[in-house]
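Novice:
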Amino acid sequence: MVDVDKWYGPLHVLKKVNLEVAKGEHIVLCGPSGSGKSTLIRCINYLEETHGGSIVVNGIELGKKGTNADHIRRDVGMVFQHFNLFPHKTVLENCMLAPKRVKKVPEKEAREIAMRFLERVRIAEQANKYPAQLSGGQQQRVAIARALCMGPQVMLFDEPTSALDPEMVKEVLDTMISLAEDGITMICVTHEMGFARAVAHRVIFMDGGQIIESAPPAEFFDNPQHSRAKAFLGQILNH
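Numbering-wise (our numbering), the sequence shown opens with residue 773 and increments by one.
(1) In whole angstroms, what is the alpha-carbon distance linking R846 and V926?
(2) Quick one: is the Cβ of N856 within less than 6 Å of any heavy atom of the ligand COA?
(3) What residue from A990, E985, I956 and R969 has the CA that sits closest to A794's CA?
(4) Could you tell me whether the Cβ atoms of D930 and I813 are closer together than 7 Å?
(5) So, with DSSP's three-state summary, where would you put V914?
(6) Which same chain residues, not among the five before or five after N900, have their C-beta less than 8 Å away from its C-beta?
(7) Would you mind working out which of P782, G831, D979 and G824 sits nearest E792, comparing C-alpha positions?
(8) Does the Cβ-Cβ distance between D937 and S807 come in under 7 Å?
(9) Runs of 3 residues minimum, wholly inside the segment 788-857: which ones carry the beta strand (DSSP E) assignment?
(10) Alpha carbon to alpha carbon, how far is E820 from R894?
(11) So, helix, strand or coil for S950, using DSSP?
(12) Helix, strand or coil for V941 per DSSP?
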């Protein structure tokens, strides 16, 4: 991302944001509500339109008015806060849908891919159930499997545990830690600081639509440089 700007009407939500993420790197974005974290990752795959600057993913530039967005989305998986599974389709059908529709993968192959990734997130035994029959943690693991079925180079996570009951958070974080160990590129918006310490190569702190601080976890948690980062950590870690 180079000099990326984004407005919602008069509100300037991203202000000349510059961010480079290396292949295989794990980035955790944190910061107070309204700081621009979710907007930033939603711009990467054109779920939000930018108003200035440029975004390049895996060598492909996201053009004005979303040109190349479809190419980029093939390389970028996204997991949302609220799962966004199709309620009228089974777990297996949810995972098969995009490979069949977007990549034109034959039915049999799409089923094999879906089952492989449902096994990967340890939920294959629920394949024939509907989302409403699963817990929140299980639904989020299905959402991760669904994203992986497209073979993404980059995974974006937008507060993947914030809608979950506390006892379900660990199963989702464990799945994400396991993914990180596979070396996939990850950009994750989260307040789960234990996850950030365990998995992140860099923690990026945002405030007021800008990147205020970027550092390895040990440095960020033990010696934050910016007063706003210190205040944020004091709040989060004492919560």
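Glycine included, C-beta positions come from ideal geometry on N, C-alpha and C. These numbers were taken from a predicted model, which means no experiment stands behind them.
Specialist: Considering the structure as presented:
(1) It is roughly 10 Å from the alpha-carbon of R846 to the alpha-carbon of V926.
(2) In the structure on display, the ligand COA does not appear, and there are no ligands present to speak of.
(3) Of the listed residues, the one whose Cα sits closest to A794 is I956.
(4) A contact, by the Cβ cut-off of 7 Å.
(5) V914 falls in the helix class under three-state DSSP.
(6) Sequence-distant Cβ neighbours of N900 in its own chain, meaning closer than 8 Å and more than five residues away, are T862, V863 and L864.
(7) It is G831.
(8) It is not a contact, given that the beta carbons lie outside the stated cut-off.
(9) Counting only runs of 3 or more, we get 798-802, 824-826 and 848-851.
(10) Roughly 32 Å separates the two Cα atoms.
(11) Per DSSP, reduced to three states, the secondary structure at S950 is helical.
(12) Under the three-state reduction of DSSP, V941 is assigned to helix.
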